[in-house]
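Enquirer: Quick one: this structure, given as structure tokens, is what I'll be asking you about.
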Amino acid sequence: MLRTRLATAAIALPALWLIVEYLPPRLFAGFIMAVAALALLEYFAMALPGDAVERTAGVLWGLVIAGGVASRQSDLWGAGLALAVIGGLMFPLLHADDLPNAMHRLGLSLLGVLYVGFFTPHFVLLREADHDLGWRWVLFTVFAAMGSDSGGYLTGRAFGRHKLAPSISPSKTVEGALGALAGAMVIATICRLVFFAELGSSEALVLGAAISVLAQFGDLCESALKRAFGAKDSGWIIPGHGGILDRLDSLLFPVVFTYYYAVLPRA
Numbered sequence: 003m004l005r006t007r008l009a010t011a012a013i014a015l016p017a018l019w020l021i022v023e024y025l026p027p028r029l030f031a032g033f034i035m036a037v038a039a040l041a042l043l044e045y046f047a048m049a050l051p052g053d054a055v056e057r058t059a060g061v062l063w064g065l066v067i068a069g070g071v072a073s074r075q076s077d078l079w080g081a082g083l084a085l086a087v088i089g090g091l092m093f094p095l096l097h098a099d100d101l102p103n104a105m106h107r108l109g110l111s112l113l114g115v116l117y118v119g120f121f122t123p124h125f126v127l128l129r130e131a132d133h134d135l136g137w138r139w140v141l142f143t144v145f146a147a148m149g150s151d152s153g154g155y156l157t158g159r160a161f162g163r164h165k166l167a168p169s170i171s172p173s174k175t176v177e178g179a180l181g182a183l184a185g186a187m188v189i190a191t192i193c194r195l196v197f198f199a200e201l202g203s204s205e206a207l208v209l210g211a212a213i214s215v216l217a218q219f220g221d222l223c224e225s226a227l228k229r230a231f232g233a234k235d236s237g238w239i240i241p242g243h244g245g246i247l248d249r250l251d252s253l254l255f256p257v258v259f260t261y262y263y264a265v266l267p268r269a
């Protein structure tokens with residue numbers, strides 16, 4: 003497993019850098035939309051495996067929302083959200099003999115279109131937040147989150163003794179969580195030295211720590227979803243990592259946080 007993860011990282015990291023820094027804005031947005039589409043397919047395959055119509059509708063609604071967010075058209079993503087709520091409420095009417103279960107599926111559908119459809123296109127927003135700094139913010143966020151993941155994995159394997167959340171993710175430990183925090187802060191410092199000198203040293207450390215906390219929280223949230231759905235992985239597309247959603251889980255919360263940190267005025 004470790005060898006597969008390292009091989010995947012050796013290929014993915016340089017490719018990711020090239021995509022984030024050099025891909026034209028429209029192509030980058032298209033790339034992120036493709037990622038969102040795959041993640042939506044994975045989510046609804048786990049959440050609603052026996053409901054093809056509801057599953058398809060959820061993916062489409064999620065893509066409308068993702069397209070609206072990526073293009074900064076509030077009317078478009080608002081329409082997607084309206085469709086998800088109004089259209090979603092139609093399905094329970096078609097299953098009046100089992101309303102509790104139908105309402106449960108509606109909740110899962112709305113969660114999916116917001117969790118994946120609304121959060122994922124924030125990569126596009128963050129890259130476009132500043133012409134010169136946007137791509138740096140994206141790489142900083144992704145690399146810090148990856149540093150958190152790697153630090154937690156290696157530290158947990160070597161020193162993990164105390165379970166962090168055994169009912170959700172039995173393999174995660176307190177020691178691993180601390181290692182994840184350290185890993186993200188180290189990578190954040192390296193990112194500042196290599197390509198993001200605009201960040202102060204203390205700012206980079208604090209942001210690295212915040213990204214790690216959010217990345218670990220996101221990972222635990224997706225683990226909870228998979229456990230509730232009875233799935234080991236969301237998919238198989240990334241060797242050593244599982245599906246797209248298994249890789250996005252530690253990135254979605256951090257990228258949303260970093261975007262609003264970058265664009266909202268600070269005193």
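Numbering of the sequence shown is given in the working numbering, commencing with residue 3 and proceeding in unit increments.
Quick reminder that beta carbons are idealized off the backbone N, C-alpha and C, glycines included.
Locate the beta strand (DSSP E) running through Ser204, then write down its first and last residues.
Expert: Counting along the chain, Ser204 falls outside any beta strand (DSSP E), though it belongs to the alpha helix (DSSP H) covering Ser203 to Phe231.
Enquirer: If Phe142 and Ala190 are in contact, beta carbons under 8 Å, what's the gap, nearest whole angstrom?
Expert: 7 Å
Enquirer: In angstroms with no decimal places, state the Cα-to-Cα distance between Phe273 and Asp77.
Expert: Because the chain spans 3 through 269 in this model, residue 273 falls outside it and cannot be assessed.
Enquirer: Where does Arg74 land, buried or exposed, given buried means 16+ other C-beta within 10 angstroms?
Expert: exposed
Enquirer: Tell me the residue span of the alpha helix (DSSP H) that contains Ala131.
Expert: Premise fails: Ala131 is in no alpha helix (DSSP H) and is neither H nor E.
Enquirer: For Trp1, which option in His97, Val257 and Gly80 has the closest C-alpha, if you only look at C-alpha atoms?
Expert: This structure does not reach residue 1, given that the chain is present from 3 up to 269, and the question cannot be answered.
Enquirer: Compare the C-alpha of Leu110 against each of Met187, Ala38 and Asp53 and name the closest.
Expert: Asp53
Enquirer: If you pair each beta-carbon of the stretch 108-123 with each one of the stretch 33-49, do three or more pairs fall below 8 Å?
Expert: yes
Enquirer: Which two residues bound the contiguous alpha helix (DSSP H) that contains Leu113?
Expert: Leu101 to Gly114
Enquirer: Taking its Cβ as the centre, do 16 or more other Cβ atoms sit within 10 Å of Val115, making it buried, or is it exposed?
Expert: buried
Enquirer: For Ala230 and Lys174, what's the separation of their Cα atoms in angstroms?
Expert: 17 Å
Enquirer: If you measure between the beta carbons of Ser203 and Ala146, is that distance less than 8 Å?
Expert: no
Enquirer: Alpha carbon to alpha carbon, how far is Cys193 from Arg159?
Expert: 25 Å
Enquirer: Which word fits Pro1, buried or exposed, when buried means at least 16 other C-beta atoms lie within 10 angstroms of its C-beta?
Expert: Limits of the chain in this structure are 3 at one end and 269 at the other, which puts residue 1 out of reach.
Enquirer: Tell me which residues share the same chain as Tyr262 and place their Cβ nearer than 6 Å to its Cβ, disregarding the 5 neighbours each side in the sequence.
Expert: none
Enquirer: Check Leu166 in the structure and name its three-state DSSP category.
Expert: If DSSP states are grouped into helix, strand and coil, Leu166 belongs with the strands.
Enquirer: Could you work out which residue in Thr157, Val118 and Pro26 is closest to Val71 when comparing CA atoms only?
Expert: Val118
Enquirer: Determine whether the beta carbon atoms of Trp139 and Thr260 lie at a separation below 8 Å.
Expert: It is a contact, given that the beta carbons lie within the stated cut-off.
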